[in-house]
Structures are given as C-alpha cells and as structure tokens.
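K.L.:
Before I ask anything, here is the structure I am working with.
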Ligand code: ADP
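Here you go:
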C-alpha cells in the first residue's frame, strides 16, 4: 500500500451525541499521529468548530490522563449550518488555511452524513470516521464506542431498581436509550432476566405484554422489570405503564427513565480498548490515502465501510437473542 507522503497535519473532532470512550479515541488519534511525526489539530465543538475556526494544537501530553474520562475533551455539538453547502465551504477554506490535510470525525451516523456531504463537495479532501455512539446501531462495526459502558450503567441501575420491585411487589417500567435501535434494551434485558422488553425492532402490542405478564408460567408474580427502549412504537415507559395499568389495575406499577446517566461516566475497559484500536486505525487509514470510510471492528479485525453504507444501513439485533431473553425470564 502506497503511504501518503504529504500527510503532515490532521484534524480530529467529536460530533453529535457524546459517548464514553470518545476521549480514548482522540488520544489514540493523537498518539498514533505523533508516532508518525504527523501534527494534530483538535477542532472544538464538532462541525461548528470547523466553521468558526475553533482549532487547538494537540501534543502527546495534551491527552495525558484522558483515557478514563467520559464525555469529550474537544466538546461536541449539533450543527444545523453544516447541512448547507455555503458553510461547508467555509469549513473547507478554514481547513486549507490551517494546512490541515485530513480529518478524523468521531461521531454517529449523522456526523458521517455530514462528512459524506463534505466529501461530495470537496473531492480532493480526506476524511475517515470513527463510530462513537452508545446506541450501537451503526452498520460496519460489531460495537460502537460507548455501548459497553452504557449497558453496564443500565445494568447496575436496574439491579438497584429490582431490589425495590421485589420488596414491594411492583412492576417497574424502565426506559433505556435507543431511539431507533433496541440494543441497550436487549442486552440489559438478558442481563437482568427482565419480564419483558419493548424494542422498536419487535412490535409488541400492549395486550400481548399484559397477557404475557399474566401467564401461568409467571405463577401470578406481580413484581419485576419491563425494559422499554425509548424508540418503542407504544410510546414512552410512562405511557406504556399507564396503558398496562388500565388492563391490569391490580398491578402496582412504577416508572424509571434512566436518561443521560447512560451517556456519561468513565468508559469501560472494552470501550477504551475499542476506541484505542479504532483511533489508531483511523490514522493508519489516512496514512494509506484512504478516505470516505468509517473505521469499524468486525470479528476483531479492522474493517473499512464507505460512509454511504454506514449511513444507509443499520446494525441489526439478533432476533434469536430476543427469543432467548424470553425463554430465560421468569
Ligand atoms: P450523531 O452523529 O450522533 O448521529 P447528529 O445526527 O446530531 O449526531 O449529527 C451530528 C451533526 O452532523 C449534525 O449536527 C450536523 O452538523 C451534521 N449532519 C447530520 N446530518 C447531516 C446531513 N445530512 N448533511 C450535513 N450534515 C449533517
């Protein structure tokens, strides 16, 4: 493979929803680039920072002791202006003016759509993506950075909730994140032996849920946990709880929405390792002159997926796992 000899300075940014492990990815980009004598410029606040020239030089030491920190030291943003070509042109001019030869975008599928649009406008530029989102819904990688930490946070929260559910004979409806994908709900449900889960990928009617809660198999158990993905078609956990209460008025129901605690916190070991490998892979890809792809990991191998595919396809949940969750719950 021919290496890009004129790669002297790269930029790195984090965009869209933050995820634990983004700092570990930034650190891996910086350290790998420094190892190859490539300078690194950190761009603050995602695409907004590109438009507003919020650039900062990053040295090896700038990322010391950041691997264990949640959030993103470069900060993130949603930047509607980046959808307009005139602002992408400003971003391009700013990058050229600062002699930034290529860019690493750490974010979710929205961020990769932005990168894809940018590369359509400026075909001579080089961008690669690193998947950072707790939802795990991005095609082209077995896991996204942040997912492992999020499910561990959700599981420890539900462990605590179950203590009260059991003590008071209550059914708790616990809402977890995942607007378009039920990965967090699926993993949490299996880990917890939840009574049921409501996820966008498997449409479940409220009547079905109620009849399941009443099956003989449950031996009239009236406590437990139902995990609800925030993207479920029946509504939020509190809406679902209300509907269930109408059909099963004898059930004591409670609702907990885990919310943003799932996005924060120190990244798990798995997320740190994944972020380190993908951040390193991003710089290695740029050195090879590769552009327009997301760096993922499938079966422990680094894999490049074109942005177009990463943004139009989705990681699918394994429906058999859904069945297993049902079989194992009681
Ligand atoms: P995520 O990357 O976590 O999916 P968003 O969907 O909010 O987060 O996307 C992050 C940013 O990417 C947006 O704020 C916007 O600047 C940019 N972006 C998203 N979609 C597009 C698009 N179709 N064209 C250009 N930029 C986009």
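In the working numbering, the protein residues as written are 3 to 332. Every residue, glycine too, gets a C-beta built ideally from N, C-alpha and C. As the structure is a computational prediction, the values presented were derived from the model and not from experiment.
1. Does the distance between the C-beta of residue 1 and the nearest non-hydrogen atom of the ligand ADP fall short of 6 Å?
2. Please classify residue 201 as buried or exposed, where buried requires at least 16 other C-beta atoms within 10 Å of its C-beta.
3. With burial defined as no fewer than 16 other Cβ atoms inside 10 Å of the residue's Cβ, what is the status of residue 269: buried or exposed?
4. Check whether the stretch 84-91 touches the stretch 280-291, taking contact to mean three or more Cβ pairs, one atom from each stretch, closer than 8 Å.
5. Any chance the CB of residue 85 is under 6 Å from a heavy atom of the ligand ZN?
6. Buried or exposed, going by whether 16 or more other CB atoms sit within 10 Å of the CB of residue 38?
7. Closer than 6 Å: is that where the CB of residue 113 sits relative to any heavy atom of the ligand ADP?
8. What residues are listed by DSSP as bridge partners for residue 177?
9. What are the residues that DSSP puts in a beta bridge with residue 93?
10. In chain order, what residues of the same chain lie with their CB nearer than 7 Å to the CB of residue 31, ignoring the 5 residues before and after it?
11. Go to residue 306, then tell me how far its beta strand (DSSP E) extends in each direction, as first and last residue.
12. Are residue 309 and residue 114 closer than 7 Å when you measure CB to CB?
13. Please confirm whether residue 93 and residue 60 have their CB atoms less than 7 Å apart.
14. Nearest-angstrom Cα distance between residue 252 and residue 167?
15. With a threshold of 6 Å (Cβ to nearest heavy atom), would residue 80 be considered close to the ligand ADP?
16. Which same chain residues end up closer than 8 Å to residue 162 when comparing Cβ atoms and leaving out the 5 residues on each side of it in sequence?
17. According to the Cβ coordinates, are residue 214 and residue 198 closer than 7 Å?
18. Within the continuous alpha helix (DSSP H) that includes residue 190, where are the two ends?
19. Run through DSSP, which three-state label would residue 313 get?
P.N.:
Walking through what the data contain:
1. Given that the chain is displayed from residue 3 to residue 332, the structure contains no residue 1 and the question cannot be resolved.
2. buried
3. buried
4. no
5. The model depicted lacks the ligand ZN and carries the ligand ADP instead.
6. Classification of residue 38: exposed, given that the 10 Å Cβ count is below 16.
7. Residue 113 Cβ: within cutoff of the ligand ADP.
8. 230 and 259
9. Looking at the DSSP assignment, residue 93 forms no beta bridge with any residue, so it has no partner.
10. 14, 42, 106, 281, 284 and 285
11. 303-308
12. yes
13. No, they are not a contact pair.
14. 15 Å
15. Yes, the ligand ADP has a heavy atom inside 6 Å of this Cβ.
16. none
17. yes
18. 185-194
19. helix
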